[in-house]
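Peer 1:
There are 2 protein chains.
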Amino acid sequence: MTIKEVCSKFGISPDTLRYYERVGVIPEVHRTPGGIRDYTEEDIGWVETAACFRSAGMPIDLLAAYVRLYKEGDSTIPERCELLREARARILAERQKCDDALAKMDAKIKVYEKAVQTGKLVWDDDQGCCSCGRTKKE
Amino acid sequence: MTIKEVCSKFGISPDTLRYYERVGVIPEVHRTPGGIRDYTEEDIGWVETAACFRSAGMPIDLLAAYVRLYKEGDSTIPERCELLREARARILAERQKCDDALAKMDAKIKVYEKAVQTGKLVWDDDQGCCSCGRTKKE
DNA sequence: ATACAATCTGGAGTTAGCTCCAAGTCAAGA
DNA sequence: TCTTGACTTGGAGCTAACTCCAGATTGTAT
């Protein structure tokens with residue numbers, strides 16, 4: 001598979017894909033005799049994983065660390081397992097932040113939806129006041 | 139409340155707080171006669187909201203746009219409402235990416251936990267192969 | 001064989017979001 | 001009053017993650 005095809009498959013630019021390879025977020029990609037990248041199923045698997053984790057906010061160097069360990073062989077399995085667990089905790093924390101923001105957002109939107117009708121914002125005691133997020137109770 | 143107190147309350151650096159004010163992520167903060175920032179309850183509410191949304195990945199300029207509209211008064215309520223809805227969609231998408239990554243991650247960790255026992259990675263057909271994320275079925 | 005598009009490399013440039021710094025001002029304790 | 005430490009500003013510097021570019025090479029259609 002050409003770089004262009006992989007790009008459109010995952011919505012990544014060619015430059016980004018080459019960058020990922022250069023910094024070790026994915027291992028070296030298979031090449032044609034002429035030196036053009038020709039992604040195998042396995043290469044694509046790495047790209048898919050990298051794209052998925054990156055879009056969840058996993059930093060480049062963490063992904064690269066995993067690939068480095070992978071290349072060292074089976075002796076690094078426990079280390080990789082630990083790394084994955086840490087990565088999981090990170091993403092879980094990310095999601096929690098999203099949930100917190102969504103809760104705040106939903107409360108705000110509720111008030112705004114009423115305000116769009118009346119022309120004036122009315123914050124009840126539980127939700128906060130003004131356009132800021134302050135809760136009156138604290 | 140001094141800038142230091144606000145910082146420790148939200149785990150933000152003073153530089154970041156001043157930066158937020160400068161770029162309009164929060165409105166101008168109340169000052170002492172000497173010119174020192176003295177955060178009111180309302181200022182703190184803005185900081186809280188900004189911190190919450192920022193940590194969920196909301197870009198600076200979107201938050202600043204909201205504050206700009208807020209300062210223009212009640213006539214911008216519908217616009218602000220729309221902006222909030224877009225912001226909500228963004229964060230929802232963020233969370234979806236986290237969920238996708240978590241699913242992939244959990245599958246990987248499962249395989250690795252077995253591997254830590256046996257010393258060898260064994261990927262079953264449903265999960266993918268190697269250390270990449272490729273699913274054998276596609 | 002030739003044109004033309006796609007890809008290659010190494011390196012420079014860009015963007016967002018802070019983070020640091022110097023030089024000056026303000027405020028509380030001895 | 002003096003010292004010490006927190007706070008101020010404007011502006012420069014930094015990091016992560018791309019993104020762009022020039023000039024060379026490869027692959028493909030006529």
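First to last, the protein sequences are chains A and B. Residues in the first sequence are numbered consecutively from 1, following the numbering used here. Residues in the second sequence are numbered consecutively from 139, following the numbering used here. Yeah, the Cβ is synthetic: ideal placement off N, Cα and C, and Gly gets one too. Fair warning: this is a prediction, and the values are worked out from it, not measured in the lab.
Should residue 146 (chain B) be flagged as near chain A, meaning a C-beta pair shorter than 8 Å?
Peer 2: For the purposes of this step, residue 146 (chain B) is taken as residue 8 along the second sequence, with counting starting at 1. No, its Cβ sits nowhere closer than 8 Å to a Cβ of chain A.
Peer 1: Under three-state DSSP, which class holds residue 233 (chain B)?
Peer 2: Within the second sequence, residue 233 (chain B) is the residue found at index 95, counting from 1. In this structure, residue 233 (chain B) counts as helix in the three-state DSSP scheme.
Peer 1: Relative to the C-alpha of residue 157 (chain B), which candidate in B:141, B:236, B:269 and B:270 has its C-alpha closest?
Peer 2: If you number the second sequence from 1, residue 157 (chain B) lands on position 19. Out of B:141, B:236, B:269 and B:270, B:141 has the C-alpha closest to the C-alpha of residue 157 (chain B).
Peer 1: Shortest alpha-carbon distance to residue 8 (chain A) belongs to which of A:44, A:32, A:86 and A:62?
Peer 2: Locating residue 8 (chain A) in the first sequence gives position 8, where the first residue counts as 1. Here the closest residue by C-alpha is A:44.
Peer 1: Measuring CA to CA, which of B:251, B:175 and B:205 is closest to residue 97 (chain B)?
Peer 2: The question about residue 97 (chain B) has no answer, for chain B in this structure spans 139 to 276.
Peer 1: Which residue from A:58, A:46, A:96 and A:59 puts its Cα closest to that of residue 270 (chain B)?
Peer 2: Mapped onto the second sequence, residue 270 (chain B) falls at position 132. Among A:58, A:46, A:96 and A:59, the Cα nearest to that of residue 270 (chain B) is on A:46.
Peer 1: Classify residue 68 (chain A) as helix, strand or coil using the three-state DSSP reduction.
Peer 2: Position 68 of the first sequence, counting from 1, holds the residue named residue 68 (chain A). Of the three classes helix, strand and coil, the one that applies to residue 68 (chain A) here is helix, per DSSP.
Peer 1: According to DSSP, residue 175 (chain B) sits in a beta bridge with which residue or residues?
Peer 2: Taking the second sequence and counting its residues from 1, one reaches residue 175 (chain B) at position 37. DSSP lists B:169 as partners of residue 175 (chain B).
Peer 1: Within the same chain, show all residues whose beta-carbon is closer than 6 Å to that of residue 22 (chain A), passing over the 5 residues directly before and after it, in chain order.
Peer 2: Within the first sequence, residue 22 (chain A) is the residue found at index 22, counting from 1. Hits under 6 Å: none found.
Peer 1: What's the C-alpha gap between residue 164 (chain B) and residue 110 (chain A)?
Peer 2: If you number the second sequence from 1, residue 164 (chain B) lands on position 26. If you number the first sequence from 1, residue 110 (chain A) lands on position 110. Those two C-alpha atoms are separated by around 21 Å.
Peer 1: Rounding to the nearest angstrom, what Cα-Cα distance links residue 34 (chain A) and residue 219 (chain B) in this structure?
Peer 2: Taking the first sequence and counting its residues from 1, one reaches residue 34 (chain A) at position 34. Taking the second sequence and counting its residues from 1, one reaches residue 219 (chain B) at position 81. Near 56 Å, if we compare the C-alpha coordinates of residue 219 (chain B) and residue 34 (chain A).
Peer 1: From the DSSP output, in three-state form, read off residue 16 (chain A) for me.
Peer 2: On the first sequence, position 16 is the one that residue 16 (chain A) refers to. The answer is helix: DSSP assigns residue 16 (chain A) an H, G or I state.
Peer 1: Between the alpha carbons of residue 89 (chain A) and residue 217 (chain B), how many angstroms are there, rounded?
Peer 2: For the purposes of this step, residue 89 (chain A) is taken as the residue at position 89 of the first sequence. For the purposes of this step, residue 217 (chain B) is taken as the residue at position 79 of the second sequence. Cα to Cα, the separation comes out at about 37 Å.
Peer 1: Residue 16 (chain A) to residue 121 (chain A), Cα distance in whole Å?
Peer 2: Position 16 of the first sequence, counted from the start, is the residue given in the question as residue 16 (chain A). Position 121 of the first sequence, counted from the start, is the residue given in the question as residue 121 (chain A). Computed Cα separation, rounded: 45 Å.
Peer 1: Report the CB separation of residue 105 (chain A) from residue 222 (chain B) in whole angstroms; it is logged as a contact under 8 Å.
Peer 2: Here residue 105 (chain A) refers to the residue found at position 105 of the first sequence. Here residue 222 (chain B) refers to the residue found at position 84 of the second sequence. Right, the Cβ-Cβ distance comes to about 6 Å (below 8 Å), so this counts as a contact.
Peer 1: Exposed or buried, what is residue 69 (chain A) when buried is set at 16 or more other beta-carbons lying within 10 Å of its beta-carbon?
Peer 2: In the first sequence, the residue the question calls residue 69 (chain A) occupies position 69. The residue in question, residue 69 (chain A), is buried, as its Cβ has 16 or more Cβ neighbours within 10 Å.
Peer 1: As a quick exercise: from B:195, B:261 and B:149, pick the residue whose alpha carbon is nearest that of residue 225 (chain B).
Peer 2: By one-based count along the second sequence, residue 225 (chain B) stands at place 87. Among B:195, B:261 and B:149, the Cα nearest to that of residue 225 (chain B) is on B:195.
Peer 1: Checking contacts by CB at 8 Å: is residue 197 (chain B) closer than that to chain A?
Peer 2: Within the second sequence, numbered from 1, the residue matching residue 197 (chain B) stands at position 59. Taking Cβ atoms only, chain A never reaches closer than 8 Å to residue 197 (chain B), which makes this a no.
Peer 1: Evaluate residue 115 (chain A) with the Cβ neighbour count: other Cβ atoms within 10 Å of its Cβ, from every protein chain shown; 16 or more gives buried, anything less gives exposed.
Peer 2: Along the first sequence, read from residue 1 onward, the residue named residue 115 (chain A) stands at position 115. It is buried - the Cβ of residue 115 (chain A) has at least 16 other Cβ atoms within 10 Å.
Peer 1: Give every residue of the same chain whose Cβ lies closer than 7 Å to the Cβ of residue 175 (chain B), excluding the five residues on either side of it in the sequence, and list them in chain order.
Peer 2: Within the second sequence, the letter at position 37 stands for residue 175 (chain B). Contacts found: 141, 167 and 169.
Peer 1: According to DSSP, is residue 3 (chain A) part of a helix, a strand, or is it coil?
Peer 2: Locating residue 3 (chain A) in the first sequence gives position 3, where the first residue counts as 1. It is helical.
Peer 1: Applying the 10 Å Cβ sphere with the 16-neighbour rule, what's the burial state of residue 101 (chain A)?
Peer 2: Within the first sequence, the letter at position 101 stands for residue 101 (chain A). That one is buried.
Peer 1: So, at 8 Å on beta carbons, what are the nonlocal neighbours of residue 73 (chain A) in its own chain, with the 5 sequence-adjacent residues on each side left out?
Peer 2: Here residue 73 (chain A) refers to the residue found at position 73 when the first sequence is read from its first residue. So the list is empty, once near-sequence residues are dropped.
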